[in-house]
Amino acid sequence: MEVLRVAPDAHTIRMASLLLEGARALDEGYGKLEHETAMAEGLADRARISERRVEKEYRKALAELFDPAEDVRRLESLDGPTGPAAYAMVMDVFKRREVYRHLSNAGDRVARAGDTLHDIVVKLV
4 MEVLRVAPDA HTIRMASLLL EGARALDEGY GKLEHETAMA EGLADRARIS ERRVEKEYRK
64 ALAELFDPAE DVRRLESLDG PTGPAAYAMV MDVFKRREVY RHLSNAGDRV ARAGDTLHDI
124 VVKLV
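Numbering (our numbering), first residue to last: 4 to 128.
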């Protein structure tokens with residue numbers, strides 16, 4: 004986000020929060036493997052659930068990002084030449100889409116780590 008100079012929006016904040024929940028569940032779950040193995044499985048599930056919630060937020064973010072009606076409304080509200088403003092809007096869409104995609108991919112990685120934790124629990128129980 005820093006490199007692309009994209010400020011956080013409600014979607015990036017929500018996805019980051021969900022990723023944090025998943026990461027915390029993984030951290031706690033791996034910490035319980037030795038002494039509270041059965042509890043680790045529920046934490047693995049929480050990590051996988053966080054990925055599904057990230058994916059839902061990602062789809063919602065894309066739907067809003069690619070809403071042409073909203074773009075037209077914003078352009079119609081501008082005074083003067085709209086070319087530079089339109090270009091800036093298009094660039095913002097590409098940048099945000101890239102950020103959203105990386106957050107979604109991070110969610111996939113959390114889910115894979117949750118699957119691995121689950122597999123370990125199954126072998127230990």
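Note that the Cβ used here is the ideal one computed from N, Cα and C, for glycine as well.
Option in the options with minimal Cα separation from residue i
i: Asp118; options: Leu21, Tyr33 and Ser107; result: Tyr33
i: Val124; options: Leu7, Arg51 and Leu36; result: Leu36
i: Ile52; options: Leu65, Pro11, Gly25 and Ala66; result: Gly25
i: Arg8; options: Ser107, Arg115, Asp95 and Ala28; result: Asp95
i: Val128; options: Met4, Ala41, Glu58 and Gly83; result: Ala41
i: Lys59; options: Ser80, Val93 and Leu22; result: Leu22
Proximity of residue i and residue j at Cβ, strictly below 7 Å
i: Leu68; j: Arg99; result: yes
i: Val93; j: Met4; result: no
Buried/exposed call for residue i, threshold 16 Cβ in 10 Å
i: Ala66; result: exposed
i: Leu78; result: exposed
i: Val6; result: exposed
i: Val113; result: buried
i: Ala43; result: buried
i: Val75; result: exposed
i: Ser107; result: buried
i: Gly110; result: buried
i: Ala64; result: buried
i: Glu54; result: buried
Sequence-distant residues of its chain with Cβ nearer than 6 Å to residue i (five each side left out)
i: Ala47; result: Gly32, Gly117, Leu120 and His121
i: Ala50; result: Gly25, Ala28, Leu29, Val113 and Gly117
i: Arg56; result: Leu21
Contacts around residue i, its chain only, beta-carbon distance under 7 Å, and the 5 residues preceding and following it disregarded
i: Lys126; result: none
Review point. Taking three-plus beta-carbon pairs below 8 Å as touching, is the stretch 73–92 in contact with the stretch 10–17?
Key: Verdict: no, contact absent.
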